[in-house]
Structure formats: C-alpha cells, structure tokens
Amino acid sequence: MFNGVEKECPSPTEKLARKESLKVQKQNYRQEKKRAAKELSSALKDPSVVIMANWLKIRGSLKSWTKLWCALKPGVLLIYKTPKTDHWVGTILLSACKLIERPSKKDGFCFKLYHPLEKSIWAVKGPKGENVGSITQPLPSNYLIFRAASESDGRCWMDALELALSCSSLYKLTAKTGKEADISTSSESSHILHLLQSTQLTETELLQLNETVLLGNHHMEHDGFSDKSEREAQDDWDTAANENGGRLTEESDMDQSDELSPGPQATAYVEQSTEEMAEAGEASQVETVSEENKGLIWGLLKQLRPGMDLSKVVLPTFILEPRSFLDKLSDYYYHADLLSQAALEESAYGRIKQVLRWYLSGFYKKPKGLKKPYNPILGETFRCCWLHPQTNSCTFYIAEQVSHHPPISAFYICNRKDGFSISGSILAKSKFYGNSLSAILDGKARLLFLGRDEEYVITMPYAHCKGILYGTMTLELGGKVTIECEKTKCIAELEFKLKPFLGGSCSVNQINGKILVGEELLATVDGHWDSEVFIHEKRSGQQETLWNPSLDIRSSRLKRQVVQMDQQGEFESERLWQHVTSAIMDRDQLRATQEKFVLEEAQRKEAKERGDKPWTPKLFHQDPVTSEWTYRHMDLQPWDPERCLVQFEKDGVIQTQEKSQRRHNVLSYSHSWTSQQKAEVNGKRRKASSQPSSCSQNTESSSTTPEPTHESSDNEGFSNQCARCNKEMKDIALIEASITSIQKTQQDIQRNLVALSRQLAHQRASEDGVSLTGRHCLILCVVLLSQLLLNYVFT
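Position one of the sequence shown corresponds to residue 3 (the working numbering), numbered consecutively onward.
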C-alpha cells in the first residue's frame, strides 16, 4: 500500500527484461547516431553529391559584398573562397532555415536564408572537421543575403535551395529496437537521393526534378573592367533601412577577392562567338548577281539619276551585311594595343608611325562579297570592348546614331589606363554615277594621347562600287586621307588608289603615302591596304614592313567582348536588327525585307509623332560652336595609378572608380555604424560558436561590433542620407583644408616675425655701438682741450 492505494510491483524477471531492452535500445541509439553522422560526413565530403555549385555574392555584417563559391548539398550549403574547396569559410544548416526572395534596386537577383527565431544558422565545424575557417569579412549569425548575377540564376538557386531543404529529411534517422533504422523520406526524396548518389547527374534527370536547370555555369563572365590585376572593390550604393528602427545604412559592393570581378554596377561582357572575315585580294570584293536579283537592281536603277544622293533610297536586302553600320565602325579597334604602344613612344615620329600602323590595321577585316551594313535607326546604340592582356586594361567602344536626316553616327573610344581616347562622327553620303556609286564617309576622328596632350585628326577613304550596269560588281577604297598632329607638326598622308582600267590583280587595293614633320619628308609608304605595307626611311635608306595582317597577326589580335542580347537595351544594334539578321542568315529575302520594313515604318511613325521637336541623343551632344558631336561622359584626365583603380562601363557610360571614393565610403560607413552603436545600447556580441570562426578574424569590428538584430532592406530615404553624407564629408574636407591653410599662414607669419625681431635687434645693437663711439670721442676731445688749456695757462 502506498498512500492507501495498492501499487503493482514488477517481478525481478520483468525488471531484468526491461533493463536488457533499455540497454539494447541505448546501444542501437548510439549506433544509429554514429551511422547518421558518418553518412552526413561522407555526403559532405563526396564531390558527386552536389545539387548546385556556383559563384554568389554574399553580404556581410558590414553591409559590403564578397563573391564566394557556394556548393549546395542536401541539407547544407558549403561556402568556400575558391572552386577548389581548399579554403572553407562556413557551413549553413538548412534544416532550420527559411528561404525568401529579397527585393533590391541593384542589378542581379537577391534572396535570403534566415532562421525564423533569429538563432544561429551556422555549423560549428567544417566538412573536414575544420574548427577555424578562412579569413573573410564578418558574416551575420542568423541570416545570410545572397545576390546572383541575373534573375534566371537567382530563380535557379532558389529552386535548388528548396530542393536541398526537402532533401534534408534524408538524413533524419530514427532508431528502432531490433531493426535497422529506416530513412524517413518520401518516394520523391528516394528518387532524389538516388540521383544525388549517382556518379554523374544528367540534365534530363534534373529537369525531371524541377523545370529549372539546377546546374549553374561554373565559368565566370568577363566584366567590363579595364584592369584585371587591380580588380578591387566597386562601391555599389544600395538604399536600406532597418526593419524595426528604420535606421539608414549604406551598402558598398566591395569584392575582396582579387581574381573576381567588381560589383554588379559594370556591364557584363562575353567574348564574341562568331565573326565573318574574308580573305585578302580582289576575289572577296567581287559579287556575282543572280538573275532574280538583277531584276531588283534594274527596278532600283529606274528611280535613280546620275549624281543623286542615295541616303533616302531603300536598298534590297540581298546586298546587306547582317550587322549595323555602328558595329562596322568598331572594326578599327581589334588592334587597339598598337595605340597603347604608340602612347609609350618617346619620339613624335615614332608615335605617328605607330598610329599609322594602327590605322592600316582597320581595313583588312571585310565581308565576303559586296555587302552594305544596315543604316542605323535614330537613337540606335552599340557598345563593345577589347581586353588588353599585356597591359591588363580595356578599350571601350560606344556609338550612337544621333541624326537620321542627314545620317550621322557618333562614336567614342577610350582606354584611360593606356592613355588614349578617340572621338568623332561620320556623315554617310552616297552618290550614283550610272555604272558606279560611291559611299563617302564625311567626318573626322580625333585621337588624343592623354598623357602628352597630343591630338591627331584623322579622315577616312570612300568606298567605290562599280559594274552595276555592266561588268563585274566590285568594291574598292579610294581617296586621300591624312593623319595630322598640330602640336608635333607630324603629318601622314595616304592615297587609296582605284584599280586602273587596264590594271592587273597586283594593282588592286594599292596604297601609297608619306610621313612629314613640318616640311621635311621622313618616310614614304606603299603596298596594299588589305595585305603588306612597306615603309622606306629617307634618312637611313632602309625599308621595313610597316603592317602585314598575316595569319599570326590575325590570330593574336584582341578578342572583342560584346553584351549578351538578353542584357541589351531595346535600341542596341544586335537586338534591334535581330529579326532582319536572322532572315538574312536563313537566306529568306522576303522575310528580311518585311522585318526591315517594320523597323523603317516604326521610325517614320516616331518621326511623324515627334514633329518639329528636335531629337535629343542619349550619349552624345552637339557642340553649339564647332557643331561636332562629343560624348557626354568624356573623361580626358591622364590615368593616375595612385588614385585610379579601374575603368568600367554601365548603360553606355564609361567611368572610372577612384580610391578617394572608397575612402569616402569607409568614412560614411564609419559614421553610420557609430550612430548605430550609440542607438543599440543592449546589442549582443557575436559568439564564436554561433558562426564560422573565420568571421571573427582579420576585421576590426568582428568581435567587438554589435550584431544588428535585423537586416536592412531597401529604402528610398537612403538617397537623402547619402546626399547629406556627401555634403558633410565635403564640408569636413573644406574645413580641414581651411585649417591647414590657416596653420601654414600662421607659421609663415611667425617665421617672418622672428626674422624681423632679429633684424631689429641687430640694427639696435649697431646703433648703440655707433652712439657709444661718438660719446667716447667727445669726452676724449674735451679731455684734450682741457689738457691744452692747462698747458697754455702754466706756460
């Protein structure tokens, strides 16, 4: 009896059985625990068990971004510094995480992994038992914000993370008495596990799991930055506010990895995949017209008169080259590295000879047959760039159609690091002469060497097409061109010669010219503009090859980088003419004509709606005095290695990131963070066990900075704060400059006063010495007179 209630007492046999059963259960429990840990460890170490792996930008506690390699596995997200997975940064446990898309005004796609109860999402140890991770900027403990390069990549990552979250149940094991533990998972999860454990994942299998391809591209795109070796932090301001306090903060996209491209402000360029290039000689400049196309030409010729301007005439599509005229103008910069070498030449003659070599390098690239590029639509733009591997710089090319009647194309080329820029505009004219026509490129290009303040004015030859009515249709270049520098008095004159009536194949594409300094002839030039050109030095009498587009030269020329079509604007050349180009490549002349008519009709409709209102170009403006078109964002200051970090392009704007901007961001952030520390009196310090230990190293605020309770989100009020911060920093800078100036003035005044006091003391000493000597003389005279008087009296 126990408190008046009869209590059952188990027998000794039952007690022993229960004890043995509990012992077996504990033993099974320990075994299953070890097995679960072993399976999870092997899955983490197995390189074949990967759902997705790619580069992602991760925002740190200091509101700056670092590009890190992320490998997604079932239930965990491993973060490394490089794809080699040698430098582990941290491991996120996905079992307790939630995933949400995060809106942002910046380029790319943001999403967030977070713990709903604001607990740590990090594992204590790494996949190989690491206790200390690689050194990076501090990362938040209870959430992490990621940024993918594009929306498609971001959606792919979110789908993959949802898949990994569902796969986390594969490692939740339950211990059962007398039986092996089963994996708690659905049939779908079993299929997923089978796929993950296979040696190779196929795209078809992954598509069966999700409509989105989970395997990302492991190769990084080329960003439009001019200096790979100096790829430092690109400030990327983002408006943000704290979720509960509304505190404004600043975000700087500072990429701390040297081998990675800067922040997402720059345009992403990729190497051009295909390119058409004809062989040298007359064969590539001859067009055989079919009978069907001859009928189109005769119908066109009936509308023409000798001397008529062809700018308003609609040409048949079979003679069109499948690219815009703005694109064709970029053919002159595949050898822009010659200009980089010219800027380093010490003598003026060496520079103009190198400029002439570069000028000749722009003609050998030509289409097969007699082709004419598209007439650009008003407002059409084109941009590309060339990476210079020798100087780790980049040459950017920007062009825009600034006028339609008359058709004017403006262009700007710049490589500040290598010290040159080119600007100009071309008015395309064409004249019909019966059996021939000429396309005249009226305009000038101005080449400027930034470090020397030397400007070279360059003109262009005209294109001549003959054999329209009878004979073989042939395209040639003709006319006289000059390259002239007013400062150095250097002039290069070239004459492109047309083939004479009785000339042979050797007389095709001939060129000759000379180089003068003032009135003195230094060298003569002759050859063929699409092959070898020789220069004869008058002083030494030697002859050497000035330019020869051999196979080695063609293969070693700079690779052009272009913008992918899905990243282009509506009025960028490739995207604007894509349907016409597709029809021409498919040899569907009817569809090409229809697509071309659609564009031309839309242009006419827009011009009619605009009426008398003048067109305002986006990237260029016309000088009211000289009437020349100039780039709106032109920067002609010489490159300063101590101040300039990197040159890049975004939305047609070429700009330079400077070190002073980075210092300004650091100071602005310091001011903002100090305000936060004062406001958050009860802020919690980050614990070493709550996140990767790498997060607490190599940063000043990693172990002493309070962890923000909530992440900051985009807020429009940041722009006001940014403006105020800019103004405050400018005011502080002005005050510091004024104080420094006052201190220098005070020092100068003090030095002058000291010198003046010394001069006065010396002058007084001199005056005292002179007066003392006079008094002594007077006394001596009195004594002498007294002596004489006494002698006279007594004698």
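Quick reminder that beta carbons are idealized off the backbone N, C-alpha and C, glycines included.
For residue 655, which option in 644, 637 and 661 has the closest C-alpha, if you only look at C-alpha atoms? 637
Taking DSSP's pairing of strands, which residues face residue 512 in a bridge? 530
Confirm, please, whether the CB-CB distance from residue 514 to residue 534 is below 9 Å. no
Under the three-state reduction of DSSP, which class applies to residue 796: helix, strand or coil? helix
Please report the straight-line C-alpha distance between residue 408 and residue 379, rounded to a whole angstrom. 12 Å
Find the nearest neighbour of residue 484 within the set 150, 361, 417 and 562, judged by alpha-carbon distance. 361
So, is residue 390 buried or exposed, given that buried needs 16 or more other C-beta atoms within 10 angstroms? buried
Boundaries of the beta strand (DSSP E) in which residue 577 is found, first to last residue: It is not in any beta strand (DSSP E) - residue 577 instead sits in the alpha helix (DSSP H) that spans 575 to 578.
Rounding to the nearest angstrom, what Cα-Cα distance links residue 512 and residue 440 in this structure? 18 Å
Within this structure, are the beta carbons of residue 357 and residue 494 separated by less than 9 Å? yes
Stretch pair the segment 102 to 114 + the segment 127 to 135: three plus CB contacts closer than 8 Å: no
With a threshold of 16 other CB atoms inside 10 Å of the CB of residue 793, please say whether the residue is buried or exposed. exposed
Beta carbon of residue 111, beta carbon of residue 61: below 9 Å? no
Out of 159, 157, 91 and 591, which one is the CA nearest neighbour of residue 126? 91
Which residue comes first and which comes last in the alpha helix (DSSP H) that contains residue 606? 591 to 612
Could you tell me the alpha carbon to alpha carbon distance between residue 116 and residue 95, rounded to whole angstroms? 10 Å
Between the CA atoms of residue 158 and residue 639 - distance to the nearest angstrom: 43 Å
On the premise that residue 632 lies in contact with residue 625, defined as a C-beta separation below 8 Å, what is that separation, rounded to the nearest angstrom? 6 Å
Can you give the Cα-Cα distance for residue 580 and residue 137, rounded to whole angstroms? 47 Å
What are the boundary residues of the alpha helix (DSSP H) that includes residue 330? 327 to 330
Are residue 622 and residue 332 close, meaning C-beta to C-beta below 9 Å? no
Nearest to residue 147 by alpha carbon, out of 489, 168 and 69? 69
Cβ pair residue 565, residue 269 closer than 9 Å: yes
Tell me whether residue 99 sits in a helix, a strand or coil according to DSSP, three-state version. coil
Reference residue 52; option with closest CA among 165, 387 and 618: 165
Taking residue 659 as the reference, give the member of 141, 155, 23 and 267 with the closest Cα. 267
Let's see if you can read the secondary structure: which residues bound the beta strand (DSSP E) around residue 830? Past the edges of the chain, shown from 3 to 797, lies residue 830, and the structure says nothing about it.
Beta-carbon proximity list for residue 567, same chain, < 8 Å, skipping 5 on both sides: 576, 577 and 580
Taking only three categories from DSSP, how would you classify residue 494? strand
If you draw a straight line from the alpha carbon of residue 651 to that of residue 605, how long is it in whole angstroms? 28 Å
Strand pairing of residue 67, partner residues [DSSP]: 61
From what residue to what residue does the alpha helix (DSSP H) around residue 343 run? 339 to 346
Helix, strand or coil for residue 20 per DSSP? helix
Pick helix, strand or coil for residue 624, following the three-state DSSP scheme. strand
Residue 167 and residue 97 - do their beta-carbons sit closer together than 9 Å? yes
How about residue 518 and residue 487: do their beta carbons lie closer than 9 Å? no
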